[in-house]
Amino acid sequence: MFDVEAEKAKIVQLVQASVEAENSDDIEAVLTIYDQDCYTLAPDMKLMKGHSDLRGLYQVILESLVHMENEAIDIHFSENGDMAYLIASYHMVLKGDEGDVDQIGKFLGALSKKSGEWKIVAISYNTDE
Numbered sequence: 001m002f003d004v005e006a007e008k009a010k011i012v013q014l015v016q017a018s019v020e021a022e023n024s025d026d027i028e029a030v031l032t033i034y035d036q037d038c039y040t041l042a043p044d045m046k047l048m049k050g051h052s053d054l055r056g057l058y059q060v061i062l063e064s065l066v067h068m069e070n071e072a073i074d075i076h077f078s079e080n081g082d083m084a085y086l087i088a089s090y091h092m093v094l095k096g097d098e099g100d101v102d103q104i105g106k107f108l109g110a111l112s113k114k115s116g117e118w119k120i121v122a123i124s125y126n127t128d129e
């Protein structure tokens with residue numbers, strides 16, 4: 001059996017590390033939380049796979065990002081503890097043509113534990129509006 005609370009804490013820490021990297025405009029640090037072959041399902045965009053596609057997406061996002069916050073809402077694990085899914089919310093402040101714009105949304109992340117580390121293997125997100 002695995003320690004559910006300890007594993008939840010690791011995933012929350014992973015999400016926070018991503019937020020810190022995003023707020024620091026550090027694409028390479030952001031990519032470390034994702035599996036090399038991760039799938040990204042972004043709104044109004046083609047299906048993306050892997051770090052190359054994800055790097056391109058983050059380049060666009062970080063160009064206009066002022067500030068990002070995430071909050072884990074719920075985390076569930078597979079029976080043996082090597083897979084998990086995360087439901088979370090986010091709040092981004094983006095540079096707009098007429099000033100900063102708030103974007104509030106949610107995301108669903110599928111995670112796999114590989115070599116003792118959690119990595120996002122698929123993520124889907126959209127805004128609340």
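For the sequence shown, UniProt numbering assigns the number 129 to the last residue and increments by one with no breaks. Note that beta-carbon positions come from the ideal geometry of N, C-alpha and C, so glycine has one too.
### Query
Do D74 and K113 come within 8 Å of each other at the CB atom, strictly closer than that value?
no
### Task
Could you tell me the boundaries of the alpha helix (DSSP H) in which D53 lies?
G50 to S64
### Query
Around the Cβ of T127, are there at least 16 other Cβ atoms within 10 angstroms (buried) or fewer (exposed)?
exposed
#### Entry: Validate contact between the segment 10-25 and the segment 97-108 using beta carbons, cut 8 Å, 3 pairs
no
### Alpha carbon of S52 to alpha carbon of E20, nearest angstrom
21 Å
### Message
Residues in the same chain with beta-carbon distance under 7 Å from L65, minus the five sequence neighbours each way, listed in chain order, please.
### Response
E22, M92 and L94
### Query
Quick one, are the C-beta atoms of Y85 and G105 less than 8 Å apart?
no
### Message
Spatial neighbours of G109 within its chain, please: C-beta separation below 6 Å, excluding the five flanking residues on both sides.
### Response
L86, I120 and I123
### Message
Quick check: L57 and T40, are their CB atoms within less than 8 Å of each other?
### Response
yes
### Query
Taking the alpha-carbon positions, what's the S78 to F2 distance?
11 Å
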